[in-house]
DNA sequence: CAGTATACATAGCCAAGCTATGTAACTATC
DNA sequence: GATAGTTACATAGCTTGGCTATGTATACTG
């Protein structure tokens, strides 16, 4: 009786994507030891891919609130995984930069998680792997687009 | 100096998949109002897809600890989104079942999230949508496999 | 130089995750 | 059929990630 729902094919696949992601995340967390949290890695990934940036921009790009990012940056700083560089010309701001040790920790975590998941996925055909890789690129490009939209919304 | 890391193509794509999922989850959370948490919906999805089951099995299938599931079920029960049915023949156990109102709430949430995400994805080609759909099915089949492995580990 | 806007920090809350432990019920053994 | 072990769920207590509201210091602007 869902009179209002226009379940286009796109909408359906987006919903399924979110749902299956959600379950995959739990699988990844449970098969690997994984004491460290996703938020930490997400933050380092953003810094690695986009380079040093201010805390506020890091929060916007990561899609979390500024106070949440302050906490994450604090945690990362304690572990020595990022560096805080005073922003010359604005004494209020910091440039947050990924530390090499943070990148190494990220790589180690990836190794652990993918090793733990591998047995579950090890009979995928080359085609299937290519399909997954293509999907990753599709989603990545849309995340990038959303980021651009954010920047324009900012400046406009 | 990552002497041990065999970065096979599969491992690479799995790592990218986890990473991009992580960012997509934040995007979905931020573009939709989304006060409700992913764990709630994940639980209802499992119940919808696999039918009523005991709390402990629900925890295992959802890949969370039993106490975590006790809390989730409590929350779901308060909202009237599941039903607890006494297990005839075992007074310790409950059968947890998705309530129609929970399924409706799930559908409503999906509608909201996909509507909010749609603008970011609305220029995907049919091929790209098909690629995403195929990936969803691949991952879903592996989640199913992991679940079977769990059952066998249980009974063995 | 006064007032407003901006950048980050702090306070305080809630939910989701965990481990350790408790309680009640089932099972099996003698 | 009491007793011991096991199982199913609940409770306690902790950490982290997320939020809003607010504080403080710096920058900008009239």
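Residue numbers (the numbering used here), protein chains in the order written: chain A, -2 to 153; chain B, -2 to 153.
Don't be surprised by glycine CBs; every beta carbon is placed ideally from N, CA and C.
Beta-bridge pairing of residue i - partner residues as DSSP gives them
i	result
residue 83 of chain B	B:91
residue 51 of chain B	B:92
Cβ separation of residue i and residue j, assumed to be a contact under 8 angstroms, to the nearest whole Å
i	j	result
residue 89 of chain A	residue 117 of chain B	The pair is not a contact, with the Cβ atoms about 32 angstroms apart (cut-off 8 angstroms).
residue 41 of chain B	residue 78 of chain B	6 angstroms
residue 36 of chain B	residue 15 of chain A	About 13 angstroms; that fails the 8 angstroms criterion.
residue 133 of chain A	residue 10 of chain B	6 angstroms
residue 31 of chain B	residue 39 of chain A	Not quite, the Cβ-Cβ distance comes to about 17 angstroms (not below 8 angstroms), so this is no contact.
8 angstroms Cβ cutoff met for residue i and residue j
i	j	result
residue 60 of chain B	residue 23 of chain A	yes
residue 94 of chain B	residue 47 of chain B	no
residue 136 of chain B	residue 21 of chain A	yes
residue 58 of chain B	residue 139 of chain B	no
residue 81 of chain B	residue 87 of chain B	no
Residue i CB to nearest heavy atom of the ligand SAM below 7 angstroms
i	result
residue 105 of chain B	Among the components modelled here there is no ligand, and therefore nothing to report on the ligand SAM.
Practice task
Would you check if there are 3 or more beta carbon pairs closer than 8 angstroms linking the segment 35 to 53 of chain B to the segment 123 to 130 of chain B?
Solution key: At 8 angstroms Cβ cutoff, the stretches do not touch.
Practice task
Pair every Cβ in the segment 101 to 115 of chain B with every Cβ in the segment 99 to 117 of chain A, then say whether three or more of these pairs are closer than 8 angstroms.
Solution key: As far as the Cβ criterion goes, the segment 101 to 115 of chain B does not touch the segment 99 to 117 of chain A, which means the pair count is below three.
Problem - Runs of alpha helix (DSSP H) wholly within the segment 11 to 66 of chain B (minimum 4 residues, chain order) - result: Runs of the alpha helix (DSSP H) inside the segment 11 to 66 of chain B: 35 to 47, 52 to 59.
Practice task
With a floor of 4 residues, list each alpha helix (DSSP H) that falls wholly inside the segment 90 to 142 of chain B, ordered by position along the chain.
Solution key: Segments of the alpha helix (DSSP H) lying fully in the segment 90 to 142 of chain B: 97 to 118.
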